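Okay, so here's the structure we're looking at.
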Amino acid sequence: MKKVITFPEQKQELPGNEYKMNPEPEIIRENYTGSGKLLGKTAFITGGDSGIGRSAAVHFAREGANIAIVYLKENKDALKTKELIEKEGQQCLIISGDLTDEKFCKKAVKECISLFRTINVLVNNAAIQFPQNELEKITSAQLHKTFETNIYPFFYVTKAALPYLKEGDSIINTSSVTAYRGSEHLVDYSSTKGAIVSFTRSLSTMLAKRKIRVNGVAPGPIWTPLIVASFDKLKDFGKDNPIGRAGQPSEVAPAYVFLACEDSSYITGQFIHINGGELVGG
Ligand code: NAD
Ligand code: MG
1 MKKVITFPEQ
11 KQELPGNEYK
21 MNPEPEIIRE
31 NYTGSGKLLG
41 KTAFITGGDS
51 GIGRSAAVHF
61 AREGANIAIV
71 YLKENKDALK
81 TKELIEKEGQ
91 QCLIISGDLT
101 DEKFCKKAVK
111 ECISLFRTIN
121 VLVNNAAIQF
131 PQNELEKITS
141 AQLHKTFETN
151 IYPFFYVTKA
161 ALPYLKEGDS
171 IINTSSVTAY
181 RGSEHLVDYS
191 STKGAIVSFT
201 RSLSTMLAKR
211 KIRVNGVAPG
221 PIWTPLIVAS
231 FDKLKDFGKD
241 NPIGRAGQPS
251 EVAPAYVFLA
261 CEDSSYITGQ
271 FIHINGGELV
281 GG
C-alpha cells in the first residue's frame, strides 16, 4: 500500500484528528429526532471517522441504518464514531486504509458486504487539501496526491459498490463551494471538487435507468479536522459569508439524510449548497 505524503507547508501531518479540536465540532443536534427514514439500510461512508462524514454516519444511524466507515489511520476518531453509532442502537464497521489504492477500495466494499450483505447508500466524502498561494508552489507530488485522493477513489469505490446497489438506492458525493466559485489558495483542490460535480452529473444520468440516484453536497466553511490541519488562521474562518460564521457538521449532515432517503426520490444529479448563504450557480 502507498505511503502517505505530507508536505512541509502543512501545519500538522494530515489527517487531522477530531478529538484534538478545541472546541470539538457539533456532530448532531441534541434535539435531532430520527424517524426511521433509513430503517434497515446500510451506508458506506468514506472519511466517516470525523467531520462531515462522521456526522452523516451518526445521523444515518439515528435514522435506523447500519454503517461502514473508511478512514486513513485516525483510529481514535473512528472508534469514537463507532461508539456513537452503537449508542444509536446500530452496528458500525470501521475500515482503515488508503483509498488511493484501488485494491483496498474493493477490499473495503467486500468487507462491508460480508458483514451487512448490502450497500444502499454510498457516500464518497474523503478528501485532503494543501493550500498554496502561488501556482508555482503546487508541486507535481502535491498535484498528484490531491487528485489521487479526492477524485480517483470516487471511481474505485463506486465501481466496487455498484453491483450491490439496487433500485431506490443512493450515491452522495461531497464537493465544495470552491468548485462553484473557485479558490485562489486551493487551485488544485477546487479543481478536484469541480471534477466531483461533473462526475455526479454524468453518473446520475447513467444510473437513472437503474433507478439509483446520484447527488451531492457542496459545503462552505465547516468546522472539521481538515480545516485545523490545513489553515493557520482559524480565527476568521467562515466569517466572510452572509451568515457570518463557520458551520458545524450537524448543520450539514441532515442534507445527506435527505439525499439518502425516499424524501428526495425525484432528485438526481443535483447539489445542495450548505455554505452560510453564499450564492453560487448550479
Ligand atoms: P475530515 O478531515 O474530518 O474528513 C476527511 C477524511 O478523509 C479524513 O478523516 C480521512 O480519514 C479521510 N481520508 C483522507 N485521505 C484518505 C485516504 N487516502 N484514504 C482513506 N481516507 C482518507 O474533513 P471534512 O471537512 O469533514 O471533509 C469531508 C469532506 O468535506 C471532504 O470531501 C472535504 O473536501 C469536504 N469539504 C469540507 C469543507 C470544510 O470546510 N470542512 C468545505 C467544503 C468541502
Ligand atoms: Mg479524520
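Using our numbering, read the sequence shown as starting at 1 and increasing by one per residue. A virtual CB, placed ideally from N, CA and C, is assigned to each residue, including glycine. Note that the structure is a prediction, hence the values are computed from the model and not measured.
- Secondary structure at H273: strand, using DSSP grouped into helix, strand and coil.
- In this structure, the ligand NAD has no non-hydrogen atom nearer than 7 Å to the beta-carbon of I267.
- Residue side-chain check: P219 keeps its Cβ at 7 Å or more from all non-hydrogen atoms of the ligand MG.
- Here the distance from the Cβ of L72 to the nearest heavy atom of the ligand NAD is below 7 Å.
- Under DSSP, V214 shares a beta bridge with I171.
- T224 and Y152 have their C-alpha atoms spaced approximately 23 Å apart.
- Measuring C-alpha to C-alpha distances from A126 to each of R210, E148, I85 and D169 identifies E148 as the nearest.
- Bounds of any alpha helix (DSSP H) do not take in T139, whose DSSP letter is neither H nor E.
- Apart from sequence neighbours up to five positions away, the residues of its chain that approach L143 with a beta-carbon distance below 6 Å are D188, ordered along the chain.
- Taking all protein chains shown into account, R245 has fewer than 16 neighbouring C-beta atoms within 10 Å of its C-beta and is therefore exposed.
- Spatial neighbours of V280 in its own chain (CB-CB distance under 7 Å, excluding positions within 5 residues in sequence) are listed in chain order as V177, Y180, R181 and H273.
- By the criterion of at least three beta-carbon pairs nearer than 8 Å, the stretch 241 to 259 is not in contact with the stretch 192 to 200.
- Residues of the same chain with their beta carbon placed closer than 6 Å to that of E184 are lacking, with the five preceding and five following residues left out of the count.
- Separation of the CB atoms of T42 and N120 is rounded to 5 Å, and the pair is thereby assigned contact status at 8 Å.
- Non-local beta-carbon contacts of R213 in its own chain, meaning distances under 6 Å to residues more than five positions away in sequence, involve S170 and T268 in chain order.
- Cβ contact annotation for N173 (same chain, cutoff 6 Å, sequence separation greater than five): N124, I196, T200 and G216, in chain order.
- Per DSSP, S265 has no beta bridge partner at all.
- Nearest Cα to S114 within the set A68, I222, Y256 and N17: A68.
- Around the beta carbon of E63, a 10 Å sphere encloses 16 or more other beta carbons of the protein chains shown; the residue is thus reported as buried.
- Counting C-beta pairs closer than 8 Å gives fewer than three between the stretch 94 to 104 and the stretch 19 to 39, which falls short of the contact rule.
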